[in-house]
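Heads up, the thing below is written out as structure tokens.
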Amino acid sequence: MERKDETIVEKVTKLFRKGKIEMTEEFEDTLCLMEETTRNIFITGKAGTGKSTLLKHFCATTSKKIVMLAPTGIAAVNIQGSTIHSFFLFPFGVVRRDDVEHLHHKAEIFNNLDAIVIDEISMVRADIMDAIDHSLRMNTGKNLPFGGIQIIAFGDLFQLPPVVIGQERQYFSDQYDGVYFFNANCFEEADFETVQLTKIFRQKDTSFQRLLNRTRESLLTYEDFELFNTRHRAYENDGVPAITLASTNAIADQINSTKLRAVSGVEQAFKATLKGDFREKDCPIDSNLKLKVGAQVMFVKNDSETPKRWVNGTIGVVKKLGEHYALVKIGKKSHHVQKAVWEIYDYQYNSQIKEVEKFEKGSFAQLPLKLAWAVTIHKSQGKTFEKAIIDLGNGAFTHGQTYVALSRCTKLEGIYLRNPLRQRDIIIDQKVLDFHKKDN
């Protein structure tokens, strides 16, 4: 395939010089590995190491023919790609070998594809990984791992795990050594190279970084717990709004509804506009958004203007509501906020220009806001907050939950613990630890 004039590193370096991203040596090395080789690659790193930034810049600048996939609709919308299930036409629930279809209408895509980029790989189950491998072998006619197509996977296994419900647990117990993508039967033959991103951008305080690193791998000392528990205190309102990170939807919903009722004034509803094949369950926010003047809100999409007035995760307060807009105060400034658009995509092959093309198959337009007195820890993944009240309810109950919550803040002083942190709140799956140690 003919190379473009500029290499990916040169393109991304230009963005770096414009101040859009910080080019580090490990970013440059990883970009070269993705662009210059056909190796299957797993790109991981602690929270805040720039995995999403690297993914987006590779996808924007690569000369390879790629598709971008994710395990959930919301994750697919965030990378402007497609879901794994939609792209491969997998059924929901456990996906067995017999469930994989010949995709004759996508034959040209598979035969011309260089790489598949998968985000949030930590949430991709072993059965899905095997189904991807089988589908690509079947649809390319090549008996090679993933049909000879490069897989570039991004994610952090120490954050939230794949979802397995009900009787699915027995299936995984019978068929696999675990639920993770690395437990797939195809994984060993695929010979993934693991890249660990190490530079943390979210937290600048190195002692706090080290504290979070020990949390991630369940290596906290007695002194570490004592230090965290100095943050078991009431939220001090100094004008910087705090968001509660709750362990369950029930806790988050109860806090938001109680707080909204306590705000005087008239509630106003903003209805979203859905077009094409955009499922309501994939909507990143409520399709019927209810706000009041005085409501605390969180932005769920980066500002499209430059310089950016807000980013995904910015907290503000509603000062005024119009028919089609909200005036939101962030710090000392207020900004008019209008509907933003999210798209979901699919792919087709254009034989005239010999390119795999992305096309919009549906869209969702809504004010990029959600009530933000509270949000679940699960939905906070990937976001950064100045101040957060962490409410684990009766305690953490799943792998990586506490680490995700604690690592959302930029500094220790921004954390407020509703209850003291206990050893049993640090839940780490031994299979993830074993894989991590084996791969390092």
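To convert, count from 1 in the sequence shown and add 21; that's the working numbering. For every residue, glycine included, the Cβ atom is placed at its ideal position computed from N, Cα and C. All of these numbers come straight from a predicted model, not from anything done at the bench.
Buried or exposed (CB count within 10 angstroms, at least 16 for buried), Gly421:
buried
According to DSSP, Cys430 sits in a beta bridge with which residue or residues?
Note: Cys430 sits in a beta bridge opposite Phe406.
Look at Leu388 and Val339 and say whether their C-beta atoms are less than 8 Å apart.
Not in contact: Leu388 and Val339 (Cβ atoms no closer than 8 Å).
Indicate the three-state DSSP secondary structure (helix, strand or coil) for Arg254 in the structure shown.
coil
Got a sec? Which residues, its chain only, sit under 8 Å from Val200 by beta carbon, not counting five neighbours each side?
Arg146, Ala147, Pro182, Pro183, Val185, Phe193
CA-to-CA distance, Glu288 to Leu310, given in whole angstroms
10 Å
Measure the Cβ-Cβ separation of Leu218 and Ala316 and say whether it is below 8 Å.
no
Starting from the C-beta of Arg330, find all residues in its chain whose C-beta is less than 6 Å away, skip the five residues before and the five after it, and write them out in chain order.
Asp324, His356
Using only the alpha-carbon positions, how far apart do Val396 and Ala283 sit?
18 Å
By the 10 Å Cβ neighbour count, where 16 or more other Cβ atoms means buried, how is Asp367 classified, buried or exposed?
buried
CA nearest to the CA of Lys432, picked from Met150, Leu233, Arg158:
Leu233
With DSSP as the reference, label Gly69 as helix, strand or coil.
coil
Need the endpoints of the alpha helix (DSSP H) that Phe246 sits in, please.
243-249
Residues bridged to Lys379 by DSSP?
Tyr368
CB Gly286 to CB Val314, shorter than 8 Å?
yes
Ranges of the beta strand (DSSP E) found wholly within the stretch 134-219, counting only runs of at least 3:
136-139, 171-175, 214-218
Residues bridged to Phe113 (per DSSP)
BP columns for Phe113 are empty, so no partner.
Sequence-distant residues of the same chain with beta carbon closer than 6 Å to Thr45, five excluded per side
Lys220
Going by DSSP, what residues sit across from Leu342 in a beta bridge?
Ala347
Specify whether the stretch 155-172 and the stretch 116-132 touch according to this definition: at least 3 beta carbon pairs, one from each stretch, less than 8 Å apart.
yes
Quick one: using the 10 Å Cβ neighbour count with 16 as the cut-off for buried, is Gln402 buried or exposed?
Around the beta carbon of Gln402, 16 or more other beta carbons lie within 10 angstroms, which makes this residue buried.
Which residues mark the beginning and the end of the beta strand (DSSP E) in which Ser265 is found?
First, the residue type needs correcting, since residue 265 is Thr and not Ser in the sequence shown. Residues 264-267.
Is Ile411 helix, strand or coil when you go by DSSP?
strand
Judging by CA-CA distance, which residue of Thr227, Gln230, Ile142 is the nearest neighbour of Thr3?
Because the chain here runs from 22 to 461, residue 3 falls outside it and cannot be looked at.
Find the nearest neighbour of Met319 within the set Pro328, Phe380, Glu407, judged by alpha-carbon distance.
Glu407
The beta strand (DSSP E) enclosing Ser355, as first and last residue numbers
354-359
In the structure shown, what three-state DSSP assignment does Met44 receive?
coil
Over what stretch of residues does the beta strand (DSSP E) that includes Val318 continue unbroken?
317-320
C-alpha gap between Ile29 and Asp120, whole angstroms:
For Ile29, the pLDDT reaches just 47, beneath the cut-off of 50, and the residue's location in the model is therefore unreliable, although a value from the coordinates is still provided. If I take the Cα positions, the gap works out to 38 Å.
What span of residues does the alpha helix (DSSP H) with Thr227 cover, start to end?
Per DSSP, Thr227 belongs to the alpha helix (DSSP H) from 227-237.
Does the beta-carbon of Ala290, which I'm using as the reference point, lie nearer than 7 Å to any heavy atom of the ligand HEM?
Looking for the ligand HEM in the displayed structure turns up nothing, as the structure carries no ligands at all.
Would you tell me roughly how many angstroms separate the C-alpha atoms of Asp26 and Phe418, rounded to the nearest one?
The predicted position of Asp26 is uncertain, since its pLDDT is 43 and thus under 50; no value can be drawn from it.
On the DSSP bridge assignment, give the partners of Thr294 in chain order.
Ala386
What does the Cβ neighbour count give for Asn277, buried or exposed, with the cut at 16 atoms within 10 Å?
buried
Distance, Cα to Cα, His78 vs Ile105?
21 Å
Boundaries (first-last residue) of the alpha helix (DSSP H) holding Leu454
451-459
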